[in-house]
Structures are given as C-alpha cells and as structure tokens.
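Peer 1: The structure's right below; bear with me while I get my questions together.
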Amino acid sequence: MVTDFTWMIGGPQGSGVETAANIFSQVFSKMGYQIFGKREYYSNIKGEHSYFAVRVSEKQIRSSIKGTNMLIAFDAETIFRHADDVLENGIIIYDSTLENVKVSDVITFDNDFKERLGNLLKSKNKEDTVKGILELASENGTSIHSVSFRSLLAELSEKLENPRIKNMSRMFNVLGVSLSLGLLMIPSEKLTESVNSIFSKKKSIAEMNVSAANFAYNYATAKFENIELKFEEKEIEENTLLLQGYYGTALGKIIAGCRFQSYYPITPATDESNFLETNEILEINEDRPGSTLVIQTEDEISAIGMAIGSSLTGVRSATCTSGPGFVLMIECLSWAGINEVPVVITFYQRSGPSTGLPTRHGQDDLLCAINSGVGEFPRIVYASGNVLDSFYDTTQVFNYADVFQVPVIHMMDKFIASSVTTCQRFDETKVNIDRGKLLDEISSDNYRRFEHTTDGLSPRSKLGLENGIFWNTGDESDIQGHISEDPVNRIQMMDKRQSRLDYILEKIPESEQIIKHSEGDFCIVSWGSTQGPVLDAIEMLKNEGISIGFVEVKLLQPFPKELLKKLFSNSKTIIDIEANYTGQLGSLIRQNLEKDPDYYILKFTGRPMTCTELYDTLKKIVNGTAEKREVLTYGA
Amino acid sequence: MALKIGDYKTDVHNDWCPGCGDFGIVNSIQMALAEMEIPRHQTAIFSGIGCSGKTSHFINVFGVHTLHGRVLTFAQGAKISNPNLKIIAVGGDGDGLGIGAGHFVAAGRRNVDMTYIIFDNAVYGLTKGQASPTLKLGEKTKSLPTPNTNYNVNPIGLAIASGFTFAARGYSYDIRQLKDLIIAAVNHKGLAFVDVLQPCPTYNDINTKDWFSGVDRIDETTKKAMPRIYKLEDTDYDPVVHYSDETELNQKKTQAIVRSLEWDTKIPTGIFYKNELITPYTRRLTDKIPNYIENPSALQNISKNNVPITKIDQILDSYKV
C-alpha cells in the first residue's frame with residue numbers, strides 16, 4: 001500500500017498543466033489523502049516549460065520531496081527535463097509520438113540545459129532523443145507506459161461521432177491525468193466528479209472533458225500493464241479544505257475587514273487581488289452586504305498612495321506586491337511611517353536581484369522590507385510560514401497596524417502563493433478585531449492628531465469625522481500635524497514614534513513573535529515558508545531518533561532579540577535556514593544577538609527547498625561532516 | 637450658523653514670498669468653500685510638495701500634505717473609500733505634470749469625482765527656480781544657467797487627452813473668476829482640473845504679473861496696457877459637451893485644445909471643456925457593487941464587540957474536500 005507518492009505533470013505553458021494537477025489533487029483529497037502541490041513556470045505566456053508536482057500522503061505533509069514517483073508527459077521537453085528525476089520503481093506515461101524528438105528539436109531549452117542534457121546522454125551512450133532518455137530511465141528501474149495521445153483523441157472522436165475532437169490537443173492534459181488515475185486504479189467516479197467540478201463553469205466543455213477523461217481512464221485500465229501500487233480510500237478528515245496558497249491572506253483580509261486593496265499587477269502577488277475582486281461583494285452578519293474595493297492602479301506608487309488615502313478615512317486598507325513593486329513604495333511607506341498611518345503591505349516575495357527570477361521562489365527581500373525607507377520610522381515586518389498561518393496572521397497584522405499605528409509589511413512568498421495544499425478549515429471564531437485608538441466620535445473641538453500620551457499612541461481621527469480635523473505632512477510636524485522644524489519638538493516626535501518599537505515587543509505576545517516548534521541541541525532558526533520543509537525534515541530525522549529544535553521567527557521588525565536569546569539558550573548548535581544567498585535572518589541574529597549561527601543552509605535557485613534535501617543536509621550537520629555554509633541545488 | 641471665509645483659515649504662518657500668486661489661489665479656495673457652505677469636516681485638501689504643497693496647512697479643513705507628484709493617488713484613495721467627502725487636490729505644475737504625470741493621466745482615465753488645482757508658474761520655486769514642465773522651450777528664467785531645452789507640456793490639452801471631464805484655467809490675480817471656477821469644478825460630476833496661472837515673483841521673471849497685465853503692450857490710442865488675459869465667458873465659446881455623439885465630443889475636445897494653445901498676446905481663462913456624459917468612477921463602481929454609495933468602505937462595520945461580522949463560510953465551503 002502506498003503512503004507517500006509524488007505525481008508530476010509537465011507541458012508547455014498554456015497547455016492546462018495546472019488544470020490536470022487540480023483534477024489529480026481533488027481526486028486524492030477526496031480519497032482522504034493529504035496534498036502538497038507546487039507549481040513551477042517561466043516568465044512567459046505560452047510555450048515555455050511548466051510543471052506541477054503533487055505529493056499525496058496519508059499523514060500531514062508540508063513540502064515536496066526530491067524526485068517523482070510518476071511522471072506524465074505529453075511534450076518532449078517534460079520528458080527530457082524530468083525523466084531522470086523519476087525515483088526507483090517509478091512510472092512514466094508519455095505520448096508515444098514523441099519518441100524520435102531530438103534534444104535539438106526542443107527550441108525552448110536554454111543552452112546551458114541543452115549542454116548538460118547532451119553530456120548526460122553521451123556519457124551513458126544514449127542517442128540524443130526522447131527514446132534515449134527513456135532508455136536511461138528504464139535502466140534505472142522506471143516502468144514506461146506509452147500511448148499516442150493523438151490516436152486516443154481520434155478514437156474518442158469516432159466514438160462520439162464528433163470530428164472536432166480529433167484535433168483538440170488542448171485536452172491532452174485531461175487525457176494525461178486520466179491515464180494516470182486509470183493506471184493507479186483510482187475509482188473512476190472520483191475522476192468524473194472532479195472533472196465536472198473543475199469545468200463547472202461551462203456544461204458542454206465539462207461534458208466533453210468527462211468523456212475524454214473516462215475514455216483515457218478506461219484505456220489505461222484495459223491496455224496498461226498492471227502495476228503494484230494500491231491506494232486505499234480513507235475517511236476524509238472533517239473540515240479539510242483544498243487551497244491555493246494565496247487564499248490565506250485573501251480570506252484573512254476579508255474577515256479582518258480590509259475593505260480597500262489597491263495593487264499593480266506583479267507575479268506572484270496579483271492572484272490575491274484577483275481573488276478579492278472576484279469575491280468583492282461580502283455577506284455580513286445581520287447587516288446589508290459589504291464590499292471590498294479592489295483598485296488596479298497605474299503603478300505601485302499609486303497602489304500604496306491610494307491605500308494610505310483610504311486608510312485616512314478609517315478603512316482597513318492594504319496593497320499587495322512583490323519585490324520590484326515594493327521598492328517603488330518606499331517614499332509612501334516612509335510617509336505612512338511619519339504620519340502613523342496603519343496600512344498593510346502584503347509582500348509576496350520572488351527571487352531577485354532586480355527582476356531576477358520573476359516567477360520563482362525566494363526569500364531575499366527580508367532586509368529590504370526591514371530597512372528600506374527615508375529616514376527612521378517604526379514599522380512591523382511579520383512573516384507567515386504556510387497558508388493556514390497566513391490566514392490568522394493576516395487578521396493579526398491588521399490589528400497590529402491599527403493598534404500601533406504603523407505600516408505593517410507581511411512577508412509571504414512565491415512558494416506559498418503557488419502551492420496547493422490540504423489544510424484545516426479556517427476557524428473564524430479565533431479571529432478578533434482590535435482597531436486600537438481609532439475614534440468613532442469626537443465631542444470636543446480641541447482634537448490634536450499627534451497629542452503626546454503616556455504610551456506614545458495618540459487617539460486617531462479619520463477624514464470626515466466631525467470635530468476630528470487634523471493635518472498630515474511628510475515633513476516633521478507638531479501635535480496638530482502642521483510643519484515644524486523646531487529642534488525640541490523634533491526630539492519629542494522622534495521619541496514618540498521610535499519608542500513604539502519597544503512598545504510593540506512588549507505588547508505582542510511572545511507566542512506571536514516566535515514559534516518554538518521543537519527543542520534540541522541542534523536548533524534550526526528560520527522564517528517564512530521554509531517552515532514546511534523544515535518541519536517535514538525534522539519529522540524524518542525524528543523517525544531515526546534524532547531530535548532537532550526549531551524556532552520560527554515571525555516578528556522580524558522590531559526584532560525579538562531577548563526572546564530569541566532565551567530560546568537559543570538550551571541549544572549548542574544554531575542552524576540558519578533560508579531561501580537566499582547571504583542568510584539575511586542570520587545577519588539579523590549577528591547584529592542583534594552578537595552571535596553567528598553555526599551553520600547556514602541556503603537555497604537560491606528559485607526552486608523551493610524539499611524536505612529530502614534538508615534532511616540530507618541536517619544529517620550531515622549532525623554527523624559533523626557539513627560545511628558552515630551548505631547550498632541546496634535540487635529542482636528543475 | 638453660516639460659515640464665513642474666516643472659518644476656513646488656520647493661524648499657521650504663511651511663508652510664501654511677498655507678492656506670490658499662491659495667495660490668490662488659497663483665498664479663492666477659502667472663498668469657494670465658504671460660498672458653497674461645505675461643512676469643514678466633510679472637506680479635505682490634499683497637496684503635493686513645493687510651495688503649493690503648504691496650501692493644506694493654511695485651510696481649516698482636513699489637510700493632507702503628501703509627497704512630490706503623488707497627491708492624486710492619496711486623494712483618489714480617500715475619495716473612493718468615502719465618496720461623501722469633498723476633495724480638492726492641489727500641487728505645482730512640476731508636481732503634477734513632471735514627477736506626477738503618470739498619476740495625472742491615470743486619474744483622467746478614472747474620472748473620480750473631485751477637483752485638482754495646479755499652481756502653474758513654469759518654475760520649481762522651492763528648489764530655487766529650475767525649469768518646470770510648463771516653461772516654454774528656449775526661455776531662460778532668472779536662475780537658469782542656460783535657456784530651457786525642453787518643449788512645454790500643455791496642461792489643458794493633457795487633461796482632456798487623459799480623460800478629465802472638466803478643464804478650466806484661472807489666473808491667480810483674478811480671485812473672483814478663480815473662485816467661480818473652483819465652485820464649478822467642485823460641483824462638476826467627475827474629475828475636474830483647474831490650471832491656475834500663478835506668477836512666481838522670485839524666479840519667473842518672464843511671465844510676471846506685469847507681463848500678464850500687458851504692461852509691455854501699450855495701446856497707441858488709449859495709452860493703456862493691453863492685458864494678455866481674456867475670459868472665455870466673454871466670448872461665444874461653449875465648453876459643454878451637450879450630447880453623446882462622436883462629432884460633438886470631438887469638436888468640443890478639439891476646440892478646447894486649440895484654444896488652450898493660445899499664448900503670447902491672447903491668453904484665455906475660463907472653462908475650456910465640460911463633459912458630464914462620461915460616467916464618473918462612482919457610477920462604474922456602483923455597476924459592480926450596487927450599494928456602494930449607501931455603504932462605501934468608510935461606512936461599513938467590520939466587527940461587533942471585536943468579533944468579525946463578515947461571513948466567509950460560503951467561500952470556504954466551495955474549497956471543502
């Protein structure tokens with residue numbers, strides 16, 4: 001019986017790879033399995049290689065592994081790129097018409113890859129064709145199943161007496177996933193159900209795809225040689241959802257009462273704004289419908305400018321962006337800082353520098369988020385480790401913004417954004433809303449926006465509030481908000497704002513600042529989406545009797561140095577794990593704790609870490625054979 | 637109690653140069669607000685950076701002094717979230733047509749119901765007189781080391797081309813007309829633009845008050861100066877787009893742009909273009925969100941006793957395994 005299985009489908013961008021993977025994920029989630037899927041794609045609309053790897057397991061999983069158990073390919077590039085990544089006893093289902101395609105025929109290969117592939121085939125004495133690489137895979141123990149996708153369509157076309165179907169190569173994706181489910185002997189009604197739900201928007205298309213799915217499924221059960229894999233149907237855990245990674249922040253915004261989001265299109269952040277706009281009309285308990293205004297702006301400067309303008313009217317407001325967009329927001333961010341405007345920037349990182357790897361994962365903007373700004377002002381930088389956390393964290397960052405009257409940068413990344421996972425249903429009853437000192441009413445007429453108070457936080461008026469007139473300026477100001485260059489006022493105002501950093505550390509509960517997942521002589525310190533692979537790797541080691549500690553830093557600015565010091569105190573060896581080149585959290589630790597982590601495990605290929613890679617490297621560390629800086633490289 | 641002009645003034649010291657054209661604009665805004673009797677707390681002035689940026693501090697309504705070139709972004713965000721606010725954005729010509737030109741064009745496309753006033757003096761005053769986007773090619777104002785090498789932008793033409801549905805030009809020494817233009821702009825349903833010719837007495841030694849008054853052009857018979865400025869309302873010029881028809885629209889846009897190009901001896905002020913047949917942004921939002929006007933973002937309740945009141949169970953159900 002199979003307990004952990006990774007399935008992959010690849011194809012040119014635009015060929016429906018994602019749809020096929022969604023069908024697969026739905027089927028297995030409905031069989032009671034846990035899902036972790038990740039999508040990789042180029043910065044391209046049509047034609048470049050994309051793939052989707054879905055890992056299914058009986059137990060909780062939070063990351064991908066190295067290698068694939070089953071590969072579905074209806075184009076040559078997928079076979080060339082992934083065939084040698086299929087694990088022992090693995091399976092490849094491919095379109096037999098591709099057999100004679102040469103490496104040089106694949107025009108989308110970059111030269112570096114072509115050279116590496118050529119060398120590999122040459123060294124193994126294989127011809128430089130699909131056939132060659134499949135022979136290699138076969139010798140490695142992979143079982144190969146070939147079928148002509150085009151003949152399948154032709155037969156289906158004849159059967160349904162619909163000549164159009166013959167040429168519908170855009171259904172290759174559904175054929176591919178259905179062949180694989182047939183081979184795996186998954187109950188066919190699960191496939192039908194899933195195809196129907198995924199194409200539910202148009203009945204005729206759903207019908208055609210169901211026919212194609214069943215046809216391919218039956219073909220596989222009849223014609224493919226039986227394999228020794230069996231998936232048992234299990235009871236679905238109650239309250240399980242199958243979610244795209246970016247739903248967490250989007251739904252968090254909706255429930256937190258974010259009613260304004262402005263954005264400029266950028267990968268991988270835009271999906272979240274689209275989700276909000278798709279769901280712009282909101283159902284409200286015992287009240288008329290509410291709505292989220294989602295405004296696409298002319299650039300990121302305008303996106304944050306508008307969000308700040310909206311926030312001044314008392315609305316919980318946000319923008320969502322990635323690195324190249326965030327850096328355009330800096331002057332406005334600084335303005336929000338000096339004017340104590342609560343605004344949330346959801347920061348879906350990708351890999352830089354500059355536009356870097358535009359559609360790939362990275363965690364290399366941490367220091368940028370903490371340090372970018374004109375002058376000195378307080379801000380909060382907060383990171384989430386997975387989709388479920390990101391839901392609750394989103395509701396919290398709006399509270400932080402309101403309570404502390406600061407801009408909050410919520411760090412997310414491409415790895416989370418484009419993964420598909422099973423996940424516990426979000427529990428709305430755990431969410432609370434704290435708007436801090438926002439006023440709904442002002443009776444007297446001597447309101448001063450920046451009045452000095454014992455906790456440094458002034459009652460906050462909003463545009464339109466009677467008796468609440470205030471002024472804002474990006475210049476230093478007096479308590480009313482009028483420009484002031486007075487040196488004594490300057491000191492008071494700088495103290496007022498900057499003292500907030502200590503206040504934030506004092507007020508945010510420790511459990512929200514850092515999560516202590518486990519304890520050990522060896523202690524991992526990390527932040528953001530590395531959480532998943534780290535936890536999975538720790539579990540793998542635990543099964544071998546090795547226990548490793550893990551602290552996940554969520555609050556990154558202001559930096560919880562005393563708490564971290566305390567959490568490190570029982571550990572001998574500190575291991576920093578991050579998806580960047582320099583170890584940015586490591587540098588914060590050096591700066592704040594005057595301590596250099598003993599090891600760094602870093603990855604900056606743009607591909608997310610797998611638990612297997614981390615497991616291997618952590619084992620090296622435990623065995624004392626690791627270098628101080630270990631760089632991970634896995635992934636196509 | 638009726639509001640008076642004085643109610644709209646703050647006691648903040650005004651540090652503009654003596655004789656600055658900006659004074660006339662601030663006075664006109666205050667007069668317009670008083671005449672329209674808009675409650676102070678329902679009004680917000682958003683300003684950019686530069687001498688004109690300080691305007692918001694001199695007017696006793698909500699005042700948001702933003703960043704260079706960014707004023708329209710802040711102002712639109714506020715207006716869209718709370719459509720009940722009356723919003724006037726102000727800034728210099730460098731602010732709006734140089735660094736902020738992208739936002740200017742995008743704002744035209746949205747047609748949010750608010751007013752934007754540009755203090756147009758052809759120089760960057762606060763940074764000591766560099767050439768700004770409206771300075772003519774080849775002109776050399778006082779502090780320029782060499783003549784200007786850039787062609788000038790035409791604010792009225794750019795506004796119309798961008799989609800502003802109201803475009804007017806005022807002169808800061810004609811406060812009465814300017815006040816009326818601001819009232820017309822505020823009452824306009826859509827994005828209204830007012831370009832105000834505003835002599836910078838310190839750095840623009842070409843387009844001075846005397847120059848606008850035609851002191852250099854003496855009528856031989858009357859021996860009087862022949863002012864360069866004339867008012868469109870004194871002619872048979874009709875700025876209004878009366879019906880939705882391509883010919884009508886194109887004719888009104890074209891005539892406005894052609895008029896706005898007049899300069900040197902005849903400089904028109906007044907309303908160049910007015911079109912209320914283009915849907916304001918509010919309407920476009922109401923088409924998607926039917927109760928947007930009654931229940932905009934700023935008026936929505938999001939919690940009761942700190943507990944969220946938005947329901948997401950239907951959305952979550954759709955992802956249920």
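So the sequence lines, in the order shown, correspond to chains A and B. Note that this note's numbering numbers the first sequence so that position 470 is 470, with each residue one more than the last. Count along the second sequence from 1, add 636, and you get the number used in this note's numbering. For glycine and all other residues, C-beta sits at the position ideal for the given N, C-alpha and C. Just so it is clear, the structure is predicted and the values come from calculations on it, not from any experiment.
#1: Measuring CB to CB, does residue 118 of chain A end up less than 9 Å from residue 128 of chain A?
#2: Taking a contact to mean a Cβ-Cβ separation below 9 Å, would you say residue 574 of chain A touches residue 554 of chain A in this structure?
#3: Which residues, in chain order, does the stretch 427-438 of chain A contribute to contact with chain B at a C-beta distance below 9 Å?
#4: How big is the Cα-Cα spacing for residue 650 of chain B and residue 465 of chain A?
#5: Return the chain-ordered ranges of every alpha helix (DSSP H) run that is complete within the stretch 829-898 of chain B and spans a minimum of 4 residues.
#6: Is the stretch 340-348 of chain A in contact with the stretch 406-421 of chain A, if contact means three or more CB pairs nearer than 8 Å?
#7: Just tell me which of B:688, B:639 and B:640 has its CA closest to the CA of residue 656 of chain B.
#8: Give the range of the alpha helix (DSSP H) segment to which residue 5 of chain A is assigned.
#9: If you follow the beta strand (DSSP E) that residue 672 of chain B is part of, which residue opens it and which one closes it?
#10: Using a beta-carbon distance below 9 Å, is residue 841 of chain B in contact with chain A?
#11: Cα-Cα, which of A:56, A:114 and A:93 is closest to residue 11 of chain A?
#12: Measure how close the beta-carbons of residue 962 of chain B and residue 315 of chain A come, nearest whole angstrom, since I'm counting them as under 8 Å.
#13: Return the first residue and the last residue of the beta strand (DSSP E) that residue 709 of chain B is part of.
#14: Against chain B, which members of the stretch 198-210 of chain A pass a CB distance test of less than 8 Å?
#15: Nearest to residue 705 of chain A by alpha carbon, out of A:50, A:131 and A:379?
#16: I'd like to know if residue 807 of chain B contacts chain A, where contact means its C-beta is closer than 9 Å to some C-beta of that chain.
#17: For residue 44 of chain A, which residues in the same chain have their Cβ closer than 7 Å to its Cβ, ignoring the five residues on either side in sequence?
#18: Cβ closer than 7 Å: which chain A residues qualify as neighbours of residue 928 of chain B?
#19: Taking 9 Å as the threshold (C-beta atoms), are residue 681 of chain B and residue 700 of chain B in contact?
#20: Answer with yes or no whether the minimum CB distance from residue 643 of chain B to chain A is below 9 Å.
#21: Within its chain, find whatever has a CB closer than 6 Å to the CB of residue 883 of chain B; leave out the 5 residues flanking it on each side and keep chain order.
#22: Between the stretch 521-535 of chain A and the stretch 610-620 of chain A, do three or more beta carbon pairs fall short of 8 Å?
#23: Tell me where the alpha helix (DSSP H) around residue 646 of chain A begins and ends.
#24: Beta-carbon within less than 6 Å of residue 351 of chain A's beta-carbon, same chain only, minus the 5 sequence neighbours each way: which residues are those?
#25: By Cβ distance, which residues of its chain are closer than 8 Å to residue 677 of chain B, with the 5 residues on each side in sequence left out?
#26: Between the Cα of residue 930 of chain B and those of B:868, B:667 and B:719, spot the shortest distance and give me the residue it belongs to.
#27: In chain B, which residues lie less than 8 Å from residue 282 of chain A when you measure between Cβ atoms?
#28: What are the boundary residues of the beta strand (DSSP E) that residue 40 of chain A is part of?
#29: Would residue 787 of chain B be called buried (16 or more neighbouring beta carbons within 10 Å of its own) or exposed?
#30: Considering only the beta carbon of each residue, do residue 946 of chain B and residue 618 of chain A sit closer than 9 Å?
#31: Between the beta-carbon of residue 244 of chain A and the beta-carbon of residue 419 of chain A, is there less than 9 Å?
#32: With three or more C-beta pairs closer than 8 Å as the rule, is the stretch 255-267 of chain A touching the stretch 293-300 of chain A?
#33: Return yes when the Cβ of residue 247 of chain A is within less than 9 Å of the Cβ of residue 955 of chain B, no when it is not.
#34: Using the three-state DSSP reduction, which class does residue 364 of chain A fall into: helix, strand or coil?
#35: Which residues, taken in chain order from the stretch 293-315 of chain A, show a beta carbon closer than 9 Å to some beta carbon of chain B?
#36: Would you call the stretch 300-307 of chain A and the stretch 330-340 of chain A in contact, with 3 or more CB pairs under 8 Å?
Peer 2: Taking the definition as stated:
#1: In contact: residue 118 of chain A and residue 128 of chain A (Cβ atoms closer than 9 Å).
#2: Judged by beta-carbon spacing, residue 554 of chain A lies beyond the 9 Å limit of residue 574 of chain A, meaning their Cβ atoms are not closer than that value.
#3: For the stretch 427-438 of chain A, the residues whose beta carbon sits under 9 Å from a beta carbon of chain B are, in order, 428, 429, 431, 432, 433, 434 and 435.
#4: Answer to the nearest angstrom: the Cα atoms are 26 Å apart.
#5: Every unbroken stretch of the alpha helix (DSSP H) spanning 4 or more residues and falling wholly within the stretch 829-898 of chain B is given here in chain order: 845-849 and 882-896.
#6: The answer is yes - the stretch 406-421 of chain A touches the stretch 340-348 of chain A, with three or more Cβ pairs under 8 Å.
#7: A check of alpha carbon separations from residue 656 of chain B across B:688, B:639 and B:640 identifies B:688 as the nearest.
#8: No alpha helix (DSSP H) holds residue 5 of chain A; the beta strand (DSSP E) holding it covers 4-12.
#9: Run containing residue 672 of chain B: none in the beta strand (DSSP E); it sits in the alpha helix (DSSP H), 658-672.
#10: Between residue 841 of chain B and chain A, the shortest Cβ-Cβ separation is not below 9 Å.
#11: Per the Cα distances, A:93.
#12: Shown here, chain B extends from 637 to 957; a query on residue 962 of chain B therefore has no answer.
#13: Unbroken run through residue 709 of chain B is the alpha helix (DSSP H), 707-717; no beta strand (DSSP E).
#14: Result list empty, no residue passes.
#15: No answer is possible for residue 705 of chain A: the residues shown for chain A start at 1 and end at 636.
#16: Output row for residue 807 of chain B: interface = no.
#17: So the qualifying residues of the chain are 13.
#18: Within chain A, the C-beta atoms nearer than 7 Å to that of residue 928 of chain B come from 291, in chain order.
#19: In terms of Cβ geometry, residue 700 of chain B and residue 681 of chain B form a close pair [threshold 9 Å].
#20: No, residue 643 of chain B does not count as interfacial toward chain A.
#21: Around residue 883 of chain B: no qualifying Cβ.
#22: Touching, per the Cβ criterion.
#23: What the structure shows of chain A is the stretch from 1 to 636, and residue 646 of chain A is not part of that stretch, so it cannot be assessed.
#24: Around residue 351 of chain A: 357, 360, 362 and 606.
#25: The answer, listed in chain order, is 697 and 698.
#26: Residue 930 of chain B has its Cα closest to that of B:719, out of B:868, B:667 and B:719.
#27: Chain B residues near residue 282 of chain A: 946 and 947.
#28: Its beta strand (DSSP E) spans residues 34-40.
#29: Classified as exposed, residue 787 of chain B has fewer than 16 neighbouring CB atoms from the shown chains inside 10 Å of its CB.
#30: No Cβ-Cβ contact shorter than 9 Å links residue 946 of chain B with residue 618 of chain A.
#31: Yes, Cβ-Cβ distance for residue 244 of chain A and residue 419 of chain A is below 9 Å.
#32: Put simply, the stretch 293-300 of chain A touches the stretch 255-267 of chain A. At least three CB pairs are less than 8 Å apart.
#33: Result yes, Cβ atoms of residue 955 of chain B and residue 247 of chain A sit closer than 9 Å.
#34: Of the three classes helix, strand and coil, the one that applies to residue 364 of chain A here is coil, per DSSP.
#35: Considering only beta carbons, the part of the stretch 293-315 of chain A lying closer than 9 Å to chain B consists of 293, 295, 297, 298, 299, 301, 302, 303, 304, 305, 306, 307, 308, 309, 310, 311, 312, 313, 314 and 315, in chain order.
#36: Between the stretch 300-307 of chain A and the stretch 330-340 of chain A, the count of C-beta pairs closer than 8 Å reaches three or more; the two stretches touch.
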